[in-house]
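Okay, structure first, notes after.
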Amino acid sequence: MPCNLTTTFYDKTCPNALKTIKTSITAAVSRNPRNAALVIRLLFHDCFVQGCDASLLLEGSGSEKRSPANDGVLGYEVIDDAKAAVERICPGVVSCADILAVAARDASVAVRGPSWLVRLGRRDSTTSNASQALSDLPRGNFNLSQLIESFARKGLNTREMVALSGSHTIGLARCTRFRDRIYNASNIDPAFAASRRENCPRTTGNGDGNLAPLDLMTPNTFDNNYFKNLVGFRGLLISDQALFNRDSTDSIVTAYVRNPSKFAYDFGAAMVKMSEIDPLTGAAGVIRTVCTAAS
Ligand code: HEM
Ligand SMILES: *[C@@H]1O[C@H](CO)[C@@H](O)[C@H](O)[C@H]1NC(C)=O
Ligand SMILES: *[C@@H]1O[C@H](CO)[C@@H](O)[C@H](O)[C@H]1NC(C)=O
Ligand SMILES: *[C@@H]1O[C@H](CO)[C@@H](O)[C@H](O)[C@H]1NC(C)=O
């Protein structure tokens with residue numbers, strides 16, 4: 000894959016861009032640690048659909064953002080705020096797609112996760128398409144072969160899929176997304192299932208939006224506890240536990256349990272790769288002035 004992105008892209012045109020984004024994201028995470036999770040998830044959902052072009056952030060009927068695949072995705076205002084701060088120092092220079100890629104790295108660092116170098120020069124799309132989000136994003140009830148296939152279609156291998164799933168070491172999920180597993184699965188620690196059922200009623204209704212941490216041990220710290228949970232059959236989503244279910248990825252999970260720095264390294268490398276899926280560069284795309292609108 001030819002890569003036109005460079006770490007020095009804004010060195011002349013906006014030398015304080017990276018510092019400004021970092022200040023904004025660090026403040027957002029201190030206000031609410033979940034913002035780290037929200038920003039990292041935004042990058043994933045943007046890059047998997049039409050590439051890393053900030054198409055997810057566009058408002059409008061029929062937009063990716065309105066797709067059921069992005070229902071429950073939050074944190075858009077964190078990126079809007081970072082963009083506004085950058086626009087104040089360098090109007091019309093730094094793309095929303097680059098801001099999102101940098102923000103995800105800064106969010107990881109803010110919850111004590113790994114850091115990595117972000118290459119820059121992405122440009123922003125002017126369109127998005129809700130139905131593509133539905134077909135390109137994996138779902139929480141996917142089995143292992145579906146997960147592998149979904150990431151392979153985006154050029155990410157199985158090991159990268161497992162490493163990237165490690166971002167479920169932070170953040171929250173809604174009862175509607177883990178109900179089937181805690182009531183029906185057999186590959187789940189019974190005490191864990193019982194405790195999750197206390198705040199997630201079996202029947203659809205009032206409790207649908209009740210939240211539980213994806214990592215029950217340290218939900219606001221980026222560490223390898225997600226993988227320790229999987230080995231104990233305490234993954235929250237069907238797609239989480241699919242990574243450790245007497246199948247081909249078990250050995251990757253146990254390697255990340257034994258060796259947290261291996262996980263940190265692989266996660267950073269996989270985030271770089273994910274954040275470089277099909278960028279718009281050169282004369283393609285635009286630099287949006289606000290991330291929510293095409294112009
Ligand atoms: C492997 C396939 C994946 C599936 C099936 C999946 C699915 C989900 C689901 C169902 C939720 C809960 C959403 C809700 O209840 O509203 C969630 C949350 C989250 N996902 Fe994933 N995800 C996957 C991979 C990833 C990747 C690659 C990343 C980032 C690199 C990521 C980052 C997150 C984060 C940080 C949250 C918590 C967000 C919050 O606090 O609201 N996920 N994911
Ligand atoms: C959106 O994407 C779908 C599936 O890729 C395609 O069939 C449809 O024509 C697209 N819609 C627009 C408005 O581009
Ligand atoms: C995974 O799910 C798909 C779609 O439901 C199904 O066709 C496939 O057989 C499943 N694979 C395994 C190994 O369970
Ligand atoms: C569990 O499985 C049963 C039987 O397949 C199904 O009717 C039910 O909707 C599933 N989910 C829950 C939360 O019980």
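For the sequence shown, numbering that gives the first Met the number 0 assigns the number 0 to the initial residue and increments by one for each residue that follows. Even for Gly, the Cβ is constructed at its ideal location relative to N, Cα and C.
Sheet register partners of residue 196 (DSSP bridge): Here the question's residue 196 lines up with position 197 in the sequence shown. None; residue 196 has no bridge partner.
Cut-off 6 Å between Cβ atoms - residues of its own chain near residue 180, not counting five sequence neighbours on either side: Along the sequence shown, one-based indexing puts residue 180 at 181. Around residue 180: 237.
Rounded separation between residue 171 and residue 64 - CA only: Mapped onto the sequence shown, residue 171 falls at position 172. Mapped onto the sequence shown, residue 64 falls at position 65. Residue 171 and residue 64: Cα-Cα distance of roughly 19 Å.
Nearest-angstrom Cα separation, counted from residue 215 out to residue 109: Here residue 109 refers to the residue found at position 110 when the sequence shown is read from its first residue. Here residue 215 refers to the residue found at position 216 when the sequence shown is read from its first residue. Taking the straight line joining both Cα atoms gives about 19 Å.
The region 133-146 / the region 116-125 touching (three or more Cβ pairs under 8 Å): no
Beta-carbon proximity list for residue 271, same chain, < 8 Å, skipping 5 on both sides: Translated into positions along the sequence shown, residue 271 becomes position 272. Excluding sequence neighbours, residue 271 sits near 115, 116, 117 and 118.
Residues sharing a beta bridge with residue 285, DSSP: Taking the sequence shown and counting its residues from 1, one reaches residue 285 at position 286. Answer is 123, bridged to residue 285.
C-alpha gap between residue 292 and residue 57, whole angstroms: By 1-based counting over the sequence shown, the position of residue 292 is 293. By 1-based counting over the sequence shown, the position of residue 57 is 58. Each residue's Cα considered, the two are about 5 Å apart.
Endpoints, the alpha helix (DSSP H) within which residue 87 is located: Here residue 87 refers to the residue found at position 88 of the sequence shown. Looking at the DSSP string, the run of the alpha helix (DSSP H) that includes residue 87 is 75-88.
For residue 87 and residue 226, the rounded distance between their alpha carbons: In the sequence shown, residue 226 corresponds to position 227, counting from 1. In the sequence shown, residue 87 corresponds to position 88, counting from 1. Straight-line Cα distance between these residues: approximately 41 Å.
From 83, 288 and 245, residue whose alpha carbon lies closest to that of residue 23: On the sequence shown, residue 23 is found 24 positions in, with the first residue counted as 1. When each option's Cα is compared against that of residue 23, the closest is 83.
One or two residues paired with residue 212 in a DSSP bridge: As a position in the sequence shown, residue 212 is number 213, starting the count at 1. DSSP, once it has assigned bridges, lists 171 as partnering residue 212.
Backbone secondary structure at residue 5 - three-state DSSP: Against the sequence shown, residue 5 aligns to sequence position 6. DSSP places residue 5 in strand when its eight states are reduced to three.
Cβ contact (3+ pairs, closer than 8 Å) linking the region 270-289 and the region 180-197: no
Coil, strand or helix - residue 279 by DSSP: Numbered from 1 along the sequence shown, position 280 holds the residue referred to as residue 279. Residue 279: strand per DSSP, three-state reduction.
Reference residue 158, options 45, 25, 252 and 5, closest by Cα: Sequence index remark: in the sequence shown, residue 158 carries index 159 (1-based). Checked all of 45, 25, 252 and 5; the closest Cα to residue 158 is 252.
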